[in-house]
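All remarks here apply to the structure that follows.
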């Protein structure tokens, strides 16, 4: 009965979504306040119904209701409770339901936090979000229903993929989805502004915190996925340029461009059209990301041949979601043209360069990700694009961008004085060069030129940000002035420093990591980067739903005990799959990473031992970016100004 | 020229040059890093390039895995039913590497006709067969019946992040 209740809740949510997409829009058109006001309760009811559906599916997992096809395919009686709850989003259908709950959540958040916005505008935004929900609820209900029954019900489920039975996997998809879905808000704001024919700086200001919120969730999600791949997949890589990763990286790149473009649109009223296109693209790429990962198209484009319904539906949805705003734009274009002039050397130009680099990077990543799929669909044979392509293209695009990250915040809007700027920044730039030169002497011959370029960029960003914060504080009378400086200013610099920290991690680990694959018999030792690993053989251990063989590696440095690492080879009883569980000894400056390979007889095993210097800085940098984003959203400015807008709105109306 | 127009011209030039350089870089890198897939039959027929990286896939032949006693070197035969090719690999094989299992190996074919893999991929599902391998087997007319069914129904069965597992050589 409970699964049917979930199905009913989903169907009712569909009905509410129809109301939400039509009534407020009609109200906005006819100036009917009561109709527009429907948007708020409708959003709340839709969210409650979606949450009810989600709860019903969770209940089916908790109660081991294997008569539900989705539960039977993703659970097992021996699966621990926490993984049964997270198995809800372990597959296609359930993850769509999670997507929907989040979309409902964002919609309600917009409804709550936009009380200060003009009534007509809020009604339009919520209606657009309602339409997105409508599309996805229909997709879930008609092509990917998680409540579908299986008859006769099996006695046992086929268990959750062991790879997903991990704490990192518990929060990675929800964070990623929060990011994906969050861009729906920026999209809805842009579409609503187009409907109203008003792409002004107020619209840009409303969009900024929402876009930043989506972006920080996406950043956290991607970083967590990378972290999970690093420690869980057992081969010590942190980014593989795999289509699944690229699918989440594309909206991130465009979203980052959008954040910067929105700043220009708000402050200077420029780049309006471009900003709208970015808002639409960021959401379109989020849709593409969800679609690529969850539809099975990556496994084989021919997956669609077996289930054309889903493909046709998603493609149709995609075309409408992207095409409708473009048509709307073509209609509104004469009204939204911006006439803003700026000098060649100005903040605007640098922001434009930032956008060009980021969007080009996104385009190249997209080419490498989609080209093999297109060729395969056209029957041109199986091709794949290797990571060297992405590295060869991505690195040269990012280096000039990093230089701009340190420079951009110093350059004035509209017209900047290059000579004056040079006088203020030459010392900082010189210190970065000098520090890099010292590094060059110290590491002479051990690293390539690119390493020093990377480290220089990081130093430049950190020093320039530090100087920026220091000078601003001094101008406001030291620490006492802290409260008078907008949080967004600190948020920006913190995020930029996060980029620098990430760059340091990436540069150092790529240049100085040591990876050894060796055969080790009990008693054998191997020295890696000054650490001595002694293999003490293997022993058997048992987990809740797996048996494992555990290797014992004692690590010493200069004769002093460091740690004992116990990498495992797990055999999951139900899925009969072996899985490597790495064992690590993490420290801020390095990570010791070990994994068991295969038995070679006589107690000997192949063992993987990696020395990863500063690898954690990669995720630390991403963490700083997230904190920077949080600070930026908390800026009082966004809340304070909204009331002004309303006042202006009231006068002009 | 009007200063406003001159600025705009600079702006446009800047973008055109930037995008031009990026496109040139991209296309070069793209061409150099396209990895084609060849089946053992195609390799046997001499269709695969020599000393250029490509991907080869098939089933690991039963009892063909040979291991060096004192190193991590492994070699095994890869077949599509019609022909087979011997693959050498130095490193740790993925968890799901097993005899009879469909795998994809990335590497180069030497002048001596031996395939040296730099990476071996096996998918995280014991019933799963890499699509390339399934196609190669079908082309050779050696698709096992139950696998055929699996391949057709596999589309949506388990889509999880990072389905591939791999081993890298030093």
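Chains as they are written, first to last, in the working numbering: chain A, -1 to 651; chain B, 277 to 446. All C-beta atoms, glycine included, are put in the ideal place defined by N, C-alpha and C.
- Among the residues of chain A, those whose CB is under 8 Å from the CB of residue 295 of chain B are 354 and 358, following chain order.
- Among the residues facing chain B, residue 220 of chain A is not included, as its CB has no counterpart in that chain under 8 Å away.
- Taking the C-beta atoms as reference points, residue 391 of chain B is found no nearer than 8 Å to residue 397 of chain B.
- Under the Cβ criterion of 8 Å, residue 285 of chain B is not counted among the residues facing chain A.
- Every unbroken stretch of the beta strand (DSSP E) spanning 3 or more residues and falling wholly within the region 284 to 336 of chain B is given here in chain order: 310 to 314 and 330 to 336.
- The continuous stretches of alpha helix (DSSP H) do not include residue 515 of chain A, which lies in the beta strand (DSSP E) extending over residues 512 to 518.
- Using a Cβ distance threshold of 8 Å, residue 624 of chain A and residue 214 of chain A count as a contacting pair.
- Under the 8 Å Cβ criterion, the region 189 to 202 of chain A counts as touching the region 318 to 336 of chain A, having at least three qualifying pairs.
- Comparing alpha carbon positions, the residue from A:529, A:486 and A:600 closest to residue 203 of chain A is A:486.
- Looking at the DSSP output, residue 228 of chain A sits in no beta bridge, so it has no partner there.
- Residues of chain B with a Cβ closer than 8 Å to the Cβ of residue 379 of chain A are, in chain order, 312 and 313.
- Ranked by Cα distance from residue 149 of chain A, the first of A:472, A:143 and A:66 is A:66.
- One alpha carbon belongs to residue 628 of chain A, the other to residue 211 of chain A, and they sit about 7 Å apart.
- Below the 8 Å Cβ cutoff, chain A contributes 380 as neighbours of residue 408 of chain B, in chain order.
- Under the DSSP definition of a beta bridge, residue 603 of chain A partners with A:518 and A:597.
- The C-beta separation of residue 175 of chain A from residue 249 of chain A comes to about 12 Å, leaving the pair out of contact by the 8 Å criterion.
- Positions of the beta strand (DSSP E) runs, each at least 3 residues long and wholly inside the region 437 to 524 of chain A, are given as 512 to 518 in order along the chain.
- Under the Cβ criterion (8 Å, minimum of three pairs), the region 492 to 511 of chain A counts as touching the region 605 to 613 of chain A.
- Interface annotation, residue 595 of chain A: in contact with chain B, CB-CB separation under 8 Å.
- Scanning A:575, A:481 and A:454 for the CA closest to the CA of residue 635 of chain A turns up A:481.
- Residues are counted here when their Cβ sits less than 8 Å from a Cβ of chain A; for the region 330 to 355 of chain B these are 331, 343, 345, 346, 347 and 348, given in chain order.
- Around the C-beta of residue 185 of chain A, 16 or more other C-beta atoms lie within 10 Å, and the residue is accordingly described as buried.
- Minimum Cα-Cα distance from residue 544 of chain A among the listed residues A:230, A:86, A:124 and A:77 corresponds to A:77.
- For the C-beta of residue 606 of chain A, the chain B residues within less than 7 Å are, from N- to C-terminus, 368.
- For residue 578 of chain A, a Cβ of chain B is located within less than 8 Å of the residue's own Cβ.
- Shown here, residue 145 of chain A sits in coil according to DSSP, grouped into three states, outside any helix or strand.
- Annotation: residue 574 of chain A is outside any beta strand (DSSP E) and is labelled neither H nor E by DSSP.
- Counting the other Cβ atoms within 10 Å of the Cβ of residue 299 of chain B gives fewer than 16, which makes it exposed.
- Distances from the CA of residue 573 of chain A to each of A:431, A:72, A:34 and A:30 were compared; the closest alpha carbon is that of A:72.
- At a cut-off of 8 Å between C-beta atoms, residue 362 of chain A counts as an interface residue with respect to chain B.
- Between residue 290 of chain A and the set A:452, A:475 and A:94, the nearest pair of CA atoms involves A:94.
- If you look at residue 405 of chain A, you'll find it in the alpha helix (DSSP H) that goes 385 to 405.
- For residue 566 of chain A, DSSP records a beta bridge to A:548 and A:579.
- Assignment of beta-bridge partners to residue 382 of chain A by DSSP yields B:311.
- Sorting A:154, A:85, A:172 and A:523 by C-alpha distance to the C-alpha of residue 221 of chain A places A:172 at the top.
- The beta-carbon of residue 298 of chain B is placed less than 8 Å from the nearest beta-carbon of chain A.
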